[in-house]
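Taken in sequence, the protein lines are chains A and Z.
In terms of our numbering, the first sequence is residues 1 to 491.
In terms of our numbering, the second sequence is residues 1 to 517.
A short worksheet on the structure shown next.
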Amino acid sequence: MNDLTFITPEINWTVLGMPAFLMIWAMLVLIVDMFTSDRRVLITLSLIGLGVTAALGALDYGLTVSGFSDMLVFDQFGVLVNWILLAGTALTLLIAFDYMPRQNLNQGEFYPLVLFATSGMLFLVQATDLVTIFIGVETLSIALYVLTGFAVPQFKSGEAAIKYLLLGGFAAGFLVYGIALIYGMTGKTNLAQIATELSTWQSTGKALDDPILLAGVGFVLIALGFKVSMFPFHAWTPDVYEGAPTPVTAYMSVATKGAAFAAMLRFLNVAFPALKPEWQLLFGLFAAATMIYGNIVAVAQSNLKRMLAYSSIAHAGYMLLGVLAASEKGISAFTVYLLAYTLTNLGAFAVLIALENRGMPVFELKDLRGLGKRSPWLAVSMTVFMFSLAGVPPTAGFASKFGIFRAAWDANLDYLAIIGVITSVVSAFFYLRVIVTMWMRDAEATEPQPTYATASLSLGVLVAVIGIVAVGLLPNIFTDLAKALVLTVAQ
Amino acid sequence: MTNTNDLGFTILSLVVFLPAVGAIILAFMRGQRGAARIFALGWSTLVFAVSLPLLFNFKYDAAGLQFYEYFSWIPDWGVRYELGLDGISLWLVLLTTFITPLAIWSAWNVEDKTNNFLMLILLQETGMLGVFLAQDLFLFYIFWEFTLIPMYFLIGIWGGKRRIYATVKFFLYTFAASVFMLIGIIALGLLNYKYLAQQGLPTDTAFQVQTLMANINQFGLSDTELKLLFLSFFVAFAVKVPLWPVHTWLPDAHVEAPTAGSVILAAVLLKMGGYGMIRFCVQLFPQVAQEWARPIALLAVIGIIYGAVLSYAQSDIKKLVAYSSVSHMGFIVLGIFALNEVGLQGAVLQMINHGLSTGALFLLIGMVYERTHTRELADYGGLWKVVPVFVYFLLFATMASVGLPGLNGFVGEFLIMLGAFDSPIGWTFTAFAAVGVILAAVYLLKMFQGIASGPFSERRTPHLSDLTRREVAILLPLCILMLVIGLYSPYFTRPMETTIKALEAFVANAAPLIAGQ
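Below, the structure written as structure tokens:
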């Protein structure tokens, strides 16, 4: 280390492959966008890019490699979560394909921007160092700020973008400050090295509950909690979800959450196992509050986008249970839950997209009246999504909730499992209301609104429905894949 | 899939999933209403025919599960796909496959979205059969919750004026009660998983009922924990039965449901609660069941009297029969928690009886309502002269429901009261239950009298015509069975004898709860 020769950095392509390829590909799509305005070319290219990225993960699946001075890792957990994120991104592009021109938002930058955001997420999922976590969070956030304001002639979209940008800026500040405090106390930024440092504290009798260290951990968790819209850091969610273009809302509600939760999992389990009792207690309260708040407030919503926003807050609470369980069961259950939730929520938003007309100011529950008659297949799909969100068998929503509650119970978080099932009943109330409106209430006498179930959107919905039923009936396929997931501890 | 019957094929899976296959085929018959009806009727009759070998090949003297079939489904969680049949579930399975074609046939006049209606009934049948056959708690829970979905739509789309209120209430009530069972299932599954792993046994049977029965005393659960687990199951079943005071969803659901829905609800769906109490509450927690037999019997007796009194007070015929269900189902719970052979036999037999007679009553009310569009008892009168065939059938079903000796209801109620008298529940509760029998005669005869005798009003009950051949053909099998059970009840109690004797012995030999452990 002491000789001053220049060391060429060794690039480990296995580790960096997925995010780097997607990033480069996104730039390529951006360049292509300069020469063609044919959105069919752009979406085809984007989907190919997502597919190749997923294949890169498959190539070395099963290996555990870390690189870049252990700042990034390639492990089974990371690849699985990345696959879910890639699938979510592909579905987003499919459901957005006809929506964007319909809303007169035909800028081709949409596709590369989504890919940039996804690439940041993949990076975040693989990050094992506070610095790379920060880079990942910022990469995805910056692309999302732009996407939120994509419908900028609409007042609400601009408002949402400003809100998200300002609050996101604050969250980034918390993140950096938290990282600085942790680094100040431990002298490390690598997650595993922090854990080692803390265990030497333990052996030398130094107190772990140092207020500055705890504040640092708390700040990082505030920032990540903001990204997953955990109560009480959720306040931006309904406004931003309502204002952003619907496909972007759909994308944010699943992909951002997934990536930030993955980072939270690594942060808590790899760096701070020593503080587990403390964060399990504190975050248990947050998880309980998130489930209760999200579900109860969702009951009062008549605007569908806002209802789904609050429901996504509630689902963040359920996913948090998997994170808090801090066990193999918990990690595996979290992964299955993320998959089920991704499919379900994107599907539900896809149905809203199919019904949304240009310049529609609000999207009310009553707009769904008589949908069962007007377009039965959309209504059937929406029914599947609502039952899945409520966790009714035999859908994916049930199987994944079962896994989450099982993991929580096993980790002695029984009170959280009980709150989880009770709030599930509350949630059934407002999800059922959607079904009641579609099937059991007739449309008002006014001219029926047209629906836009175009080919690409229908494909997206179909994939989601098949996925939900498949995960619901054969959860074994995915639990087998996701079992024995361990977070790589690279030092 | 491992199959243990000597028929050479997995008959239980076939019976369970055949109706769902029919529903899928129906989805491709859009716009062909007539063909869809005939297909659904034929298909459900086929399901009944396929289920008959269960009866003919049933080994009367085997206590364990028969036609047992399984495969390892979600090994990581310890879940197996596992179906089996014993003396308790045999008749309930046959009741389900028997009632469904009749319910479909009764829905001949459903003109609105006929295909969807028939599909939902077939899906409902799959769900209910699954509940009676699943031997793995996870699989059971999936079927249990799944049965909510078709019924939710049947009531909500084809129901009466307050259908949305009724169906949402039905769904939320049962869903809310069931999620506690989910917690109970998760807890038991995890304990068993750990125990099996610790013993070096294969862990894929963690949720299996048989394994749990054998192992539950090894988990080191305290008295309170056992009671809480028992409660988590019991609440779900009590709501489904429904037991007083959690019965309030039933009258609404029954009154608003379309006829076929009411029939399935009364004949089969409620039985899932009684079945669950025997299969899970009693089999898994025999000690708690013994200790709490009297408090539960008290609720059952209150339900018997309360249902009867409220039934008497109704002016709506359908509501009257709905409340009579609350009363009758109280008898079944009483029989179960007598925890002896006679009581349990009576309870299982009474589940079948109630399915037949109340099913027939709901069919009859639906048939007359289709013509007159009124269910007010005050509007009726003098039908004996106008539509005699209808009144004959009504009299028959009423008498069966009242418990006239010679018909099925008498046998079941007699056995239940004999069992309860002979058990720690004791004679006081049994005496009050017997009052319920008298009250049943009061309210049911009030209904019959109000409809059949008195002056006839053409204005209030217009367009009356007697039963068509189709309607007679629907009712006739039900009435024949009521008579057969009434006269030859041993034929029906014999298959369940071995199973129930084994269960009685199992409960009697269960280690008593040790307070403060």
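Glycine included, C-beta positions come from ideal geometry on N, C-alpha and C.
Keep in mind the model is a prediction, meaning the values are calculated, not measured.
| Query | Result |
| --- | --- |
| Proximity below 9 Å, CB of Z/Phe414 to CB of Z/Leu467 | no |
| 7 Å CB neighbourhood of A/Leu368 in its chain, flanking five on each side removed | Val434, Thr437, Met438 |
| A/Asn357 at chain Z interface by Cβ criterion, 9 Å | no |
| heavy atom of the ligand GTP below 8 Å from Z/His354 C-beta | As far as ligands go, the structure on display features none, and thus does not contain the ligand GTP. |
| Option nearest Z/Ile474 by Cα separation, candidates Z/Trp108, Z/Gly436, Z/Met1, Z/Leu65 | Z/Trp108 |
| Contact with chain A by Z/Ile25, beta-carbon distance below 9 Å | no |
| Contact set for Z/Ile183: own chain, Cβ-Cβ below 8 Å, skip 5 residues either direction | Ser232 |
| Any C-beta of chain A under 9 Å from that of Z/Arg371 | no |
| For A/Ala127, the residue or residues it bridges with in DSSP | A/Leu72 |
| Proximal residues, the stretch 172-183 of chain Z versus chain A, C-beta separation under 8 Å | Leu172, Phe175, Ala176, Val179, Phe180, Leu182, Ile183 |
| For Z/Val326 and Z/Gln290, the rounded distance between their alpha carbons | 23 Å |
| Burial state of A/Asp33 (16 or more Cβ within 10 Å) | buried |
| Partner residues on chain Z for A/Trp439, Cβ-Cβ distance less than 9 Å | Phe153, Gly156, Ile157 |
| Alpha helix (DSSP H) runs wholly inside the stretch 98-137 of chain Z, at least 4 long, in chain order | 114-133 |
| Rounded distance between the beta-carbons of Z/Ala322 and Z/Val255, thought under 8 Å | 6 Å |
| Residue from Z/Leu228, Z/Gly307, Z/Ser222 with nearest C-alpha to Z/Val246 | Z/Gly307 |
| Interface residues of the stretch 68-80 of chain Z facing chain A [CB-CB below 9 Å] | Ser72, Trp73, Ile74, Pro75, Asp76, Trp77, Val79 |
| A/Ala314 at chain Z interface by Cβ criterion, 9 Å | no |
| Buried or exposed (CB count within 10 angstroms, at least 16 for buried), A/Gly317 | buried |
| Chain-order list of residues whose beta-carbon lies under 7 Å from that of A/Ile135 (same chain, five-residue window excluded) | Phe123 |
| Residue burial classification, Z/His373 (beta-carbon count within 10 angstroms, cutoff 16) | exposed |
| Nearest-angstrom beta carbon gap, Z/Ile317 and Z/Met447 [assumed within contact, 8 Å] | 6 Å |
| Cβ-Cβ distance between Z/Ile336 and Z/Met272 below 9 Å | no |
| Z/Gly22 beta carbon less than 9 Å from that of Z/Leu122 | yes |
| Chain Z contact for A/Asn476 (CB, 9 Å cutoff) | yes |
| Own chain, CB closer than 8 Å to A/Tyr145, minus 5 neighbours either side, in chain order | Ala161, Tyr164, Leu165, Gly168 |
| Inside the stretch 206-231 of chain Z only - beta strand (DSSP E) runs reaching at least 3 residues | none |
| Residues of the stretch 125-149 of chain Z with Cβ closer than 9 Å to any Cβ of chain B, in chain order | Included in the structure are the protein chains A and Z, with no chain B among them. |
| Contact set for A/Phe430: own chain, Cβ-Cβ below 7 Å, skip 5 residues either direction | Ala298, Val299, Met307 |
| Per-residue DSSP class, three states only, for Z/Trp571 | Because chain Z is modelled from 1 through 517, residue 571 of chain Z falls outside the range shown and cannot be assessed. |
| Residue-chain proximity (A/Asp410, chain Z), Cβ-Cβ < 9 Å | yes |
| Inter-stretch contact at 8 Å, needing at least 3 Cβ pairs: the stretch 79-97 of chain A / the stretch 136-155 of chain A | no |
| Those runs of the alpha helix (DSSP H) which lie wholly inside the stretch 343-404 of chain A and span at least 4 residues | 371-374, 376-390 |
| Rounded separation between A/Thr237 and A/Ser229 - CA only | 7 Å |
| Test: Z/Gly556 CB closer than 9 Å to a CB of chain A | Outside the displayed range of chain Z (1 to 517) lies residue 556 of chain Z, so it cannot be described from this structure. |
| C-beta atoms of A/Asp98 and A/Leu457 nearer than 9 Å | yes |
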